[in-house]
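Asks: Sending over a structure as structure tokens; questions will come in a sec.
Protein chains in written order, with my numbering: chain A, 58 to 137; chain B, 58 to 137; chain C, 654 to 794; chain D, 654 to 794.
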């Protein structure tokens, strides 16, 4: 399945794009997806940490990605 | 010595005047003055409590009143 | 008056923007404010309006002391404390406190300290007017 | 959106009076506010300007959640949280939080809770521009 992924803040600068479509298998978790990202974009390892949101809600590593999900990479926030 | 005394808030309403001149003896304290007040203005006993200021600074009961002092009766404050 | 303190006790309407502009400081990350508003009820009774009176000269000194103590106690940059005198209607603003600081925790603490202390020590008195009478707040046991 | 919550994430200048007017409530005795201001330095380095970007749709949801949690946790009446996006200069206002309550303690606590939580959870990012470069705040170890 094709999953749309959004990048913000420093991750957008590192990746050089605001969104990318990834081909994932059914049953893959956020943790699996994070490994794929790290393998393809070594620059991400320079970032302190980043969280994931799916469909505009924070999720943890165990979340199993579903068809039509929109994933967002959330680097450390700094609003206010 | 003649001492000017200022009344505010509810004490002004009770006394019916904003200031009164009292004849006091040298060496009298605020505590002494409070007894004089209570004797002359029984309405003051209905008030929760009141503090004294001399020359725009809070003083305690022990303060010895001096010539040219201006005493103020400070009923419970309620600003803000 | 120190240049990082603005104290007012006036019969005109208080001006929030003036307080913000006074404390605004390019070295500061934030401003905490407390804005008092006249409530339409007290202990279940409907309030029609309020009147504030003050021992003005002493009240200004006490407000100044609060500001100075806040500057000593907390790591803040500037503080404004403005208080109204005279007749106020429901929704009107009797008091504005604004505090700026490099880090926000200090301005919150200083702002709370200032309003708490003001309510305890500054010789200003509030009379509440009801449909059927009037009462000096805090005056009776 | 609930009628006691005002959330904004906008590219225009934030309006303090609008926040105050929104939370003002005749049943309330006070309004606590926090106003963020762009600081001219960070860790000893001079800041020229800032840029805020956001995951706008999610950020609005997170701001809304903060407001709802504040209304649950504290005895407050209304809350406004307005945040700016885009380029800001020194002294500009990135965020305004205003909270009204019958008794002032609750609005102070809610206001502090809201800004503290906002800074931890809302997907908004700040880039600081220096004379010699730019940095995403909090991004690097």
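Backbone N, C-alpha and C fix where the C-beta goes; we use that ideal spot for every residue, glycine too. Remember, predicted model here, so these are calculated numbers, not experimental data.
Looking at the secondary structure, which residues open and close the beta strand (DSSP E) in which residue 754 of chain C lies?
Replies: Note, residue 754 of chain C: beta strand (DSSP E), 748-754.
Asks: Taking the straight line between their C-alpha atoms, what separation do you get for residue 781 of chain C and residue 700 of chain C?
Replies: Cα to Cα, residue 781 of chain C sits roughly 7 Å from residue 700 of chain C.
Asks: Does residue 692 of chain D come out as helix, strand or coil in the three-state DSSP assignment?
Replies: If DSSP states are grouped into helix, strand and coil, residue 692 of chain D belongs with coil.
Asks: Which residue marks the beginning of the beta strand (DSSP E) containing residue 59 of chain B, and which one marks its end?
Replies: Start and end: 59-64.
Asks: Quick check on residue 757 of chain D: buried or exposed, where buried means 16 or more other Cβ atoms within 10 Å of its Cβ?
Replies: It is buried - the Cβ of residue 757 of chain D has at least 16 other Cβ atoms within 10 Å.
Asks: Along chain A, in chain order, which residues have C-beta atoms closer than 7 Å to that of residue 765 of chain D?
Replies: Under the 7 Å cutoff, chain A gives no residues; its nearest Cβ is about 12 Å from residue 765 of chain D.
Asks: Report yes if the CB atom of residue 733 of chain C is closer than 8 Å to the CB atom of residue 659 of chain C, and no otherwise.
Replies: Contact flag set, yes.
Asks: Starting from residue 717 of chain D, trace the alpha helix (DSSP H) both ways and give me its first and last residue.
Replies: Residues 709-726.
Asks: Kindly examine the ligand ADP and report whether one of its heavy atoms sits closer than 7 Å to the Cβ of residue 110 of chain A.
Replies: Of the ligands one can find in the structure shown there are none, so the ligand ADP has no counterpart to examine.
Asks: Output, in chain order, the set of chain D residues within a Cβ distance shorter than 9 Å of residue 110 of chain A.
Replies: Under the 9 Å cutoff, chain D gives 708, 711 and 776.
Asks: Considering only residues of the same chain and omitting the five flanking positions on each side of residue 106 of chain B, which have a CB-CB separation below 7 Å?
Replies: Counting only Cβ-Cβ distances below 7 Å, and skipping sequence neighbours, we find 133.
Asks: Would residue 63 of chain A pass as an interface residue toward chain D - the criterion being a Cβ-Cβ separation below 8 Å?
Replies: Cβ-Cβ to chain D under 8 Å: yes for residue 63 of chain A.
Asks: Rounded to a whole number of angstroms, what is the C-alpha to C-alpha distance between residue 99 of chain A and residue 108 of chain A?
Replies: For residue 99 of chain A and residue 108 of chain A, the distance between alpha carbons rounds to 17 Å.
Asks: State yes or no: is the beta carbon of residue 719 of chain C nearer than 8 Å to at least one beta carbon in chain B?
Replies: No, its Cβ sits nowhere closer than 8 Å to a Cβ of chain B.
Asks: In chain C, what lies closer than 8 Å to residue 663 of chain D by C-beta?
Replies: None at all; the shortest Cβ gap to chain C is about 19 Å.
Asks: Indicate whether at least one CB of chain D lies closer than 8 Å to the CB of residue 118 of chain A.
Replies: With 8 Å as the cut-off, residue 118 of chain A does not count as an interface residue toward chain D.
Asks: On the premise that residue 102 of chain A lies in contact with residue 110 of chain A, defined as a C-beta separation below 8 Å, what is that separation, rounded to the nearest angstrom?
Replies: Wrong, their Cβ atoms sit about 20 Å apart, outside the cutoff.
Asks: Can you name the residues of chain D whose CB is closer than 8 Å to the CB of residue 131 of chain A?
Replies: The answer, in chain order, is 708 and 776.
Asks: How is residue 676 of chain D classed by DSSP in three states: helix, strand or coil?
Replies: Three-state result, residue 676 of chain D: helix.
Asks: Please list, in chain order, the chain D residues whose beta carbon lies closer than 9 Å to that of residue 105 of chain A.
Replies: Here the neighbours are 791, 792, 793 and 794.
Asks: Determine the direct distance from the alpha carbon of residue 773 of chain C to that of residue 685 of chain C, and round the result to whole angstroms.
Replies: Whole-angstrom Cα-Cα distance: 21 Å.
Asks: Between the stretch 692-699 of chain D and the stretch 747-765 of chain D, are three or more C-beta pairs nearer than 8 Å?
Replies: The stretch 692-699 of chain D vs the stretch 747-765 of chain D: no contact.
Asks: At least one CB of chain D closer than 8 Å to the CB of residue 77 of chain A: is that the case?
Replies: Taking Cβ atoms only, chain D never reaches closer than 8 Å to residue 77 of chain A, which makes this a no.
Asks: First and last residue of the alpha helix (DSSP H) that includes residue 87 of chain B?
Replies: 87-97 is the extent of the alpha helix (DSSP H) around residue 87 of chain B.
Asks: Would a check of beta-carbon distances place residue 204 of chain B closer than 8 Å to chain C?
Replies: The requested residue 204 of chain B is not part of the displayed model; chain B covers only 58 to 137.
Asks: Name the residue from D:683, D:744, D:740 and D:704 whose alpha carbon lies nearest to the alpha carbon of residue 762 of chain D.
Replies: The shortest Cα separation from residue 762 of chain D among D:683, D:744, D:740 and D:704 belongs to D:683.
Asks: How about the stretch 725-739 of chain C and the stretch 665-683 of chain C: do they share at least three Cβ pairs that are nearer than 8 Å?
Replies: Touching, per the Cβ criterion.
Asks: So if DSSP puts residue 706 of chain D in a beta bridge, which residue, or which two residues, is it bridged to?
Replies: Bridge partners of residue 706 of chain D: D:778.
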